[in-house]
Amino acid sequence: MVTYRPSEEARACAEAVAAQFPRVVIVDNGSGPRHEAVLQKLEALPGIELLRLDANRGIAAALNIGIRRLQTRQVRWVALFDQDTWIPRDYLNDMLRTWELCPWSSRLALLSPVHESENREDSKVPLSSSSAVCEPVASAISSGALVLAEAMTAVGGFDESLFIDYVDFDFCLRLRRAGYRLGRAPCVRVRHNLGRARPVRLGPWNLTIRSHQPWRYYYIFRNRILLYRRYWCSAPGWCVHDLFWFVLDGIKAGCLESGRRECVSWALRGIRDGLLGRRGARVLPSAPGNAPEPRLESRH
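Residues 1 to 300 in full-length UniProt numbering are what the sequence shown spells out, letter by letter.
Laid out in structure tokens, this is it:
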């Protein structure tokens with residue numbers, strides 16, 4: 001599990017994970033002293049080991065650190081979680097059962113649950129009564145996923161140069177390129193906060209969007225461009241499909257977000273740096289305050 005400036009909600013999520021796994025490693029991404037009280041509560045939970053990073057090194061680096069820690073125990077699978085992902089009490093049993101019954105389990109590298117969010121309509125759909133059926137998918141969100149440790153080693157873990165956003169999709173595409181397959185367990189649902197839900201009005205329509213801080217659009221657009229350049233030949237279908245969402249996110253940033261000008265500015269910088277092949281943690285959020293501002297780092 002990776003944390004960054006966690007709230008009390010993270011403790012409940014960690015408790016649900018610790019109740020099903022014999023060992024849980026939490027990697028904190030430099031949250032700072034303001035969040036020390038929550039971190040101490042996490043560290044006090046039975047079966048949990050807390051690793052504190054002195055700075056925000058990005059989601060990919062934090063995941064790699066936690067995975068390497070668990071792999072010293074020669075585990076077969078590793079489950080990955082964000083701090084805001086809550087799992088049901090039968091999560092592990094149902095995921096393992098789905099994996100074992102998968103017709104192509106010998107090539108299965110990652111199994112994802114269904115993600116529910118308060119701001120998504122599919123959260124209101126009743127849980128499927130189907131048994132442990134494994135559905136093939138092209139990519140998946142990393143949080144809540146069960147991953148074969150051997151496959152992680154084979155593809156080299158997560159790409160730390162992406163820092164945040166599209167880290168999990170890059171990982172999935174590398175797994176597929178290495179000959180592995182990805183699946184989803186429709187009988188397993190986890191609750192995951194996919195962004196701040198905010199109601200907006202677009203003409204005659206009342207919509208609910210997943211809102212992001214303006215600086216996030218830098219990574220959302222930069223990393224998309226980097227992945228299109230990297231996988232256009234090996235996964236053209238995924239790239240074309242994601243281009244649709246590229247356009248929709250551009251419309252959202254320019255028309256629906258509250259700080260539209262700032263969102264578009266960061267998105268354009270991200271597109272520019274993606275075309276130039278620039279990677280790394282070039283935009284970092286400042287310490288929490290009344291009006292936190294990101295800063296643009298000059299390193300490549």
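Where a beta carbon is used, it is the ideal one built from N, C-alpha and C, also for glycine. Here the structure is a predicted model, which means the values were calculated and not measured.
1. Could you please give me the residues that DSSP links to Gly183 through a beta bridge?
2. Do Leu111 and Ser139 have their C-beta atoms closer together than 8 Å?
3. Assuming Tyr228 and Gly270 form a contact by the criterion Cβ under 8 Å, report the distance between their Cβ atoms to the nearest whole angstrom.
4. Please name the residue or residues paired with Phe79 in a DSSP beta bridge.
5. Would Ile87 and Val24 be called neighbours here (beta carbons separated by less than 8 Å)?
6. Per DSSP, His192 forms a beta bridge with which residues?
7. Starting from the Cα of Leu276, find the closest Cα among Glu8, Leu226, Asp54 and give me that residue.
8. Would you tell me roughly how many angstroms separate the C-alpha atoms of Ala253 and His192, rounded to the nearest one?
9. In its own chain, which residues sit with a C-beta less than 8 Å from the C-beta of residue 302, not counting the 5 before and 5 after it?
10. For Glu49, which residues from the same chain have a beta carbon less than 6 Å from its beta carbon, with the 5 sequence-adjacent residues on both sides left out?
11. Using CA coordinates, which residue listed in Pro33, Arg272, Asp170 is at the minimum distance from Arg230?
12. Given a cut-off of 8 Å, decide if Pro186 and Cys262 are closer than it, judged by their beta-carbon atoms.
13. Quick one: using the 10 Å Cβ neighbour count with 16 as the cut-off for buried, is Asn93 buried or exposed?
14. Taking the alpha carbon of Leu45 as the reference point, which residue from His35, Gly58, Ala12 has its own alpha carbon closest?
15. Could you give the C-beta distance for Gly157 and Ile67, rounded to a whole number, given that I count them as a contact under 8 Å?
16. Which one or two residues does DSSP pair with Ile26 in a beta bridge?
17. From what residue to what residue does the alpha helix (DSSP H) around Gln40 run?
18. Sort out for me which residues DSSP pairs Ser72 with in a bridge.
19. Would you mind giving the Cβ-Cβ distance between Phe221 and Gly144, rounded to the nearest angstrom? I have them listed as a contact below 8 Å.
20. Give the secondary structure of Arg105 by DSSP, where H, G and I count as helix, E and B as strand, and everything else as coil.
21. Using only alpha-carbon positions, find the residue among Glu116, Ala154, Gln74, Pro136 that is nearest to Trp104.
22. Please list, in chain order, all residues of the same chain as Asn56 whose beta carbon is under 7 Å from its beta carbon, the five residues on each side excluded.
23. Mind checking Pro236: buried by the 16 CB within 10 Å criterion, or exposed?
24. Spell out whether any CB of chain C is found under 8 Å from the CB atom of Arg189.
25. Nearest to Asp242 by CA position, among Arg224, Cys255, Glu257, is which residue?
26. Can you list, in chain order, the residues of its chain with a C-beta nearer than 6 Å to that of residue 332? Leave out the 5 residues immediately preceding and following it.
27. Give every residue of the same chain whose Cβ lies closer than 7 Å to the Cβ of Trp77, excluding the five residues on either side of it in the sequence, and list them in chain order.
28. In whole angstroms, what is the alpha-carbon distance linking Arg69 and Ala62?
Let me lay it out:
1. Counting from one through the sequence shown, the residue named residue 183 turns up at place 183. Bridge partners of Gly183: Leu111, Pro136.
2. Locating residue 111 in the sequence shown gives position 111, where the first residue counts as 1. Locating residue 139 in the sequence shown gives position 139, where the first residue counts as 1. Cβ atoms of Leu111 and Ser139: not closer than 8 Å.
3. To locate residue 228, count along the sequence shown from 1; it is residue 228. To locate residue 270, count along the sequence shown from 1; it is residue 270. Contact flag wrong, Cβ pair sits at about 13 Å.
4. Position 79 of the sequence shown holds residue 79. Correcting the residue type first, residue 79 is Ala in the shown sequence and not Phe. DSSP, once it has assigned bridges, lists Leu146 as partnering Ala79.
5. Here residue 87 corresponds to residue number 87 of the sequence shown, with the count starting at 1. Here residue 24 corresponds to residue number 24 of the sequence shown, with the count starting at 1. For Ile87 and Val24, no; Cβs fall outside 8 Å.
6. By 1-based counting over the sequence shown, the position of residue 192 is 192. Paired residues: Thr85.
7. Taking the first residue of the sequence shown as position 1, residue 276 is located at position 276. Of Glu8, Leu226, Asp54, the residue nearest in Cα terms is Leu226.
8. Counting from 1 along the sequence shown, the entry for residue 253 is found at position 253. Counting from 1 along the sequence shown, the entry for residue 192 is found at position 192. Cα to Cα, Ala253 sits roughly 22 Å from His192.
9. Past the edges of the chain, shown from 1 to 300, lies residue 302, and the structure says nothing about it.
10. Translated into the one-based positions of the sequence shown, residue 49 becomes position 49. Excluding positions up to five away in sequence, the list reads Val25.
11. As a position in the sequence shown, residue 230 is number 230, starting the count at 1. Among Pro33, Arg272, Asp170, the Cα nearest to that of Arg230 belongs to Asp170.
12. As a first step, residue 262 must be located in the sequence shown, where it is residue number 262. As a first step, residue 186 must be located in the sequence shown, where it is residue number 186. Checking the sequence shown, residue 262 turns out to be Glu, not Cys. Taking 8 Å as the Cβ cut-off, Glu262 and Pro186 do not qualify as a contacting pair.
13. Position 93 of the sequence shown, counted from the start, is the residue given in the question as residue 93. Answer is exposed; the Cβ neighbour count stays below 16.
14. Position 45 of the sequence shown, counting from 1, holds the residue named residue 45. Closest option to Leu45, Cα to Cα, is Ala12.
15. As a first step, residue 157 must be located in the sequence shown, where it is residue number 157. As a first step, residue 67 must be located in the sequence shown, where it is residue number 67. Yes, Gly157 and Ile67 are in contact; Cβ-Cβ is about 6 Å, under 8 Å.
16. For the purposes of this step, residue 26 is identified with residue 26 of the sequence shown, where counting begins at 1. Partner(s): Leu50.
17. Against the sequence shown, residue 40 aligns to sequence position 40. Residues 36-44.
18. As a first step, residue 72 must be located in the sequence shown, where it is residue number 72. The amino acid at residue 72 is misidentified as Ser; the sequence shows Thr. According to DSSP, which records beta bridges pairwise, Thr72 is partnered with nothing at all.
19. Within the sequence shown, the letter at position 221 stands for residue 221. Within the sequence shown, the letter at position 144 stands for residue 144. The pair is not a contact, with the Cβ atoms about 25 Å apart (cut-off 8 Å).
20. Indexing the sequence shown from 1 puts residue 105 at position 105. Note that residue 105 corresponds to Ser in the displayed sequence, not to Arg. Ser105 falls in the helix class under three-state DSSP.
21. As a position in the sequence shown, residue 104 is number 104, starting the count at 1. Out of Glu116, Ala154, Gln74, Pro136, Pro136 has the C-alpha closest to the C-alpha of Trp104.
22. The residue labelled residue 56 in the question sits at position 56 within the sequence shown. Only Tyr4, Asn29, Gly30, Leu284 meet the Cβ criterion.
23. Taking the first residue of the sequence shown as position 1, residue 236 is located at position 236. That one is exposed.
24. Considering every chain present, this structure includes no chain C. It has just one protein chain.
25. On the sequence shown, position 242 is the one that residue 242 refers to. Among Arg224, Cys255, Glu257, the Cα nearest to that of Asp242 is on Arg224.
26. Missing from the structure shown is residue 332; the chain here goes from 1 to 300 and no further.
27. Along the sequence shown, one-based indexing puts residue 77 at 77. Only Leu146, Val147, Leu148, Ala149 meet the Cβ criterion.
28. Counting from 1 along the sequence shown, the entry for residue 69 is found at position 69. Counting from 1 along the sequence shown, the entry for residue 62 is found at position 62. Their Cα atoms are separated by approximately 11 Å.
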